[in-house]
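Below: one structure, written as structure tokens.
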Amino acid sequence: MTKNVGGIDRILRIAIGLALIAAAATGTIGLWGYIGALPLVTGLIGWCPPYALFGWNTCSMKKP
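44 is the number that this note's numbering gives to position 62 of the sequence shown; each next residue is one higher, with no gaps.
As structure tokens, this is what we get:
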């Protein structure tokens, strides 16, 4: 798996995932908030299946 999720994208995914999980855990938004596990995991591992499927990449390319 080649990383396809860049820095800012990863930070946003982790923050949104944690916020949704926290809101679900406190009962603010209901059980559907646990869907925040998906952006959290993709942010932590740096790879997103839909990005791979569509050929998208938000990682910066380093020149040799």
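Here a beta-carbon is modelled for each residue, glycine too, at the ideal position from N, C-alpha and C.
Fair warning: this is a prediction, and the values are worked out from it, not measured in the lab.
Best match in the options for proximity to residue i [C-alpha to C-alpha]
i, options, result
"Ile17", "Lys(-15), Gly(-1) and Gly37", "Gly(-1)"
"Ile(-7)", "Phe36, Leu35, Trp29 and Trp38", "Trp29"
Three-state secondary structure assigned by DSSP to residue i
i, result
"Val23", "helix"
"Ile3", "helix"
"Ile11", "coil"
"Leu28", "The sequence shown places Gly at residue 28, not Leu. Gly28 falls in the coil class under three-state DSSP."
"Gly(-11)", "helix"
Beta-carbon spacing of residue i, residue j below 9 Å
i, j, result
"Gly25", "Ile3", "no"
Span of the alpha helix (DSSP H), counted from its first residue to its last, around residue i
i, result
"Tyr16", "Run containing Tyr16: none; DSSP gives neither H nor E here."
Any chain B beta carbon closer than 9 Å to residue i
i, result
"Lys(-15)", "Going by chain labels, chain B is absent from the structure shown, which holds only one protein chain."
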